[in-house]
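Chains A and B are the protein sequences, given in the same order.
Position one of the first sequence corresponds to residue 28 (the numbering used here), numbered consecutively onward.
Position one of the second sequence corresponds to residue 28 (the numbering used here), numbered consecutively onward.
2 protein chains.
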Amino acid sequence: MTEQIKPTDSELEILNILWDKGPSTVREVHEVLEQSKDAGYTTTLKLMQIMHEKTLLKRDVSNKSHVYTANVSQEKTQGQLVKRMIDNVFNGSASQLVMQALGNNKASSQELEEIRKYLENIHPNPKGS
Amino acid sequence: MTEQIKPTDSELEILNILWDKGPSTVREVHEVLEQSKDAGYTTTLKLMQIMHEKTLLKRDVSNKSHVYTANVSQEKTQGQLVKRMIDNVFNGSASQLVMQALGNNKASSQELEEIRKYLENIHPNPKGS
DNA sequence: ACAAACCTACGAATATTTTCGTAAATAAAA
DNA sequence: TTTTATTTACGAAAATATTCGTAGGTTTGT
């Protein structure tokens, strides 16, 4: 069994920023975070330190301002979160999750088109709709 | 804005049982729960009482053993959880979630077929571009 | 050199979630 | 009736997650 990645909501926010920006200092992460929520600087610092202890983040201590990097891939993390949702919320049915994600205008028509193409690749439609 | 349904993991387990079995007593829920985890009876009771306070559950007190029912629909709850995942994990892209859910053999070929049919039936509302 | 700004580490307060022991009431069994 | 089992209510412990103040060190600006 591969290790379970289970970031909390706050941790996920930080991972998102690091996946987006790449290696960053606490200050850099905090400045992005501030735009959407209000938390003190040391709160962000503490969170990232904890994430480092959990090995969710790597860090480079050679400079005064430590530089943190995500130590789990976005793909793999997304995969585990989706799998968990399929199991816990959709009783193991991936298709039910997909349909829920496609309903209610959650996806634009452009996105729907993307998905159609993707589907044809992994499961070509013999009739060619 | 509609009320936010945000069940915890434990609460979701209970909701799943109630959605599946319909109105049930604490004992009935607990017996199902026991099969997959080990927790004491009063733990289940307390959880369901809290869920009732939060109005996640309704209850009928006319008998000695109270009968609980889910007070949120499975559809709506699933929808909100999926939307939250799209926002927090996939930066708002439903298609990315879908592709993640379809990759890595998370869906059987039968499921893929279901999804393909579902997609053909969708009449996309052109709001995104 | 001195002060101001910045950074980390640490500990602890808060908040939330999960767990369960115990007491009181009711029902069932003996 | 007396005992045993079942159920609720309550409170609080335990576990986890989030927040922040403060101290001490380093760098930067004057």
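Just so you know, even glycine gets a beta-carbon here, dropped at the ideal spot from N, CA and C.
In this text, all values refer to a predicted model and were calculated from it rather than measured experimentally.
{"Check": "At which residue ranges does the stretch 48-135 of chain B contain complete beta strand (DSSP E) runs of 3 or more residues, listed in the order of the chain?", "Outcome": "84-87, 94-97"}
{"Check": "In this structure, how does DSSP classify K144/A when only helix, strand and coil are distinguished?", "Outcome": "helix"}
{"Check": "Rounded to the nearest angstrom, how far is the Cβ of V53/A from that of M75/A, given a contact under 8 Å?", "Outcome": "6 Å"}
{"Check": "Taking 9 Å as the threshold (C-beta atoms), are R86/A and T96/A in contact?", "Outcome": "yes"}
{"Check": "Measuring alpha carbon to alpha carbon, tell me which residue in L39/A, L83/A, L84/A is nearest R111/B.", "Outcome": "L39/A"}
{"Check": "Okay, do the stretch 100-109 of chain B and the stretch 60-70 of chain B touch, 3+ Cβ pairs below 8 Å being the bar?", "Outcome": "no"}
{"Check": "In chain order, what residues of the same chain have a beta carbon less than 8 Å from the beta carbon of Q101/A, not counting five sequence neighbours either side?", "Outcome": "L42, W46"}
{"Check": "Kindly list, in the order they appear in chain A, the residues whose Cβ is closer than 7 Å to that of N90/B.", "Outcome": "Going along chain A, no residue has its Cβ under 7 Å from N90/B, so there is no contact; the nearest lies around 30 Å."}
{"Check": "If the cut-off is 9 Å on Cβ atoms, which residues from the stretch 104-117 of chain B count as contacting chain A, listed in chain order?", "Outcome": "T104, Q105, G106, L108, V109, K110, M112, I113, N115, V116, F117"}
{"Check": "Here's a check: name, in chain order, each residue in its chain whose Cβ is nearer than 7 Å to the Cβ of G155/A, leaving out the five neighbours to either side.", "Outcome": "Below a pLDDT of 50, predicted positions are generally treated as unreliable, and G155/A, at 39, falls in that range; no measurement from the model is reported."}
{"Check": "May I ask you to report which of helix, strand or coil DSSP gives I41/B?", "Outcome": "helix"}
{"Check": "In chain B, what lies closer than 7 Å to I32/A by C-beta?", "Outcome": "Within chain B, no residue comes near I32/A; the closest Cβ sits about 12 Å away, beyond 7 Å."}
{"Check": "Going along chain B, which residues have a C-beta under 8 Å from L146/A?", "Outcome": "L129, L139, I142, R143, L146"}
{"Check": "K48/A touches chain B at which residues, Cβ-Cβ below 8 Å?", "Outcome": "Residues of chain B passing the Cβ test: none, with the nearest at roughly 13 Å."}
{"Check": "Mind checking if A121/B is an interface residue toward chain A, Cβ cutoff 9 Å exclusive?", "Outcome": "yes"}
{"Check": "Considering only the alpha carbon of each residue, which of K133/B, L124/B, S120/B lies closest to N118/A?", "Outcome": "K133/B"}
{"Check": "Beta carbon of V99/A, beta carbon of I32/A: below 9 Å?", "Outcome": "yes"}
{"Check": "Determine, using beta carbons only, whether N98/A comes closer than 9 Å to chain B.", "Outcome": "no"}
{"Check": "In angstroms with no decimal places, state the Cα-to-Cα distance between T29/B and K103/B.", "Outcome": "11 Å"}
{"Check": "State yes or no: is the C-beta of S122/B within less than 9 Å of the C-beta of E138/A?", "Outcome": "yes"}
{"Check": "So, at 8 Å on beta carbons, what are the nonlocal neighbours of T50/B in its own chain, with the 5 sequence-adjacent residues on each side left out?", "Outcome": "Correcting the residue identity first, residue 50/B is Pro in this sequence and not Thr. Correct list, in chain order: D87, V94, Y95, T96."}
{"Check": "Along chain A, in chain order, which residues have C-beta atoms closer than 8 Å to that of A66/B?", "Outcome": "Ordered by position in chain A, no residue passes the 8 Å Cβ test against A66/B, which lies about 16 Å from the chain."}
{"Check": "CA-CA distance, N131/B and L72/A?", "Outcome": "35 Å"}
{"Check": "Residues in the same chain with beta-carbon distance under 7 Å from K81/B, minus the five sequence neighbours each way, listed in chain order, please.", "Outcome": "none"}
{"Check": "Can you confirm whether M78/A, when its beta carbon is compared against all beta carbons of chain B, has any partner nearer than 9 Å?", "Outcome": "no"}
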